[in-house]
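Numbering (the UniProt record's numbering), first residue to last: 1 to 129.
Cβ coordinates follow ideal geometry from the N, Cα and C atoms, glycine included.
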């Protein structure tokens, strides 16, 4: 595949890529089309999934924003469907679907309630669905 910027030929490969967020970093294997040596690369389709997942992990470590996997784990632990979780948290019926697919991040109060219920799942009954 020719590079759209330079015209140089690119070949499919996987290379290390460093994801950085607020001073924290993580190296992931990033698929894409790369030149022979250094230079511009092209990423298509799901190529950026590894970098996106690493960024979500770093945000969870640095800012406390739970990753989609963490949100799903807590919701499942609480034995709530996505719709029931949305009703319990007063965030709408499709909010947890969006959180778990990394379309949007939960708000601060939602994050705090998730953390509280993760530590004290017995409180779900007191909130009422």
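Here residue 2 is bridged, per DSSP, to 9. Assignment of beta-bridge partners to residue 31 by DSSP yields 14. For residue 125, the enclosing alpha helix (DSSP H) has its first and last residue at 124-127. Assignment of beta-bridge partners to residue 83 by DSSP yields no partner.
Burial check for residue 110: the Cβ neighbour count within 10 Å reaches 16 or more, so the residue is buried.
For residue 68, the enclosing alpha helix (DSSP H) begins and ends at 68-77.
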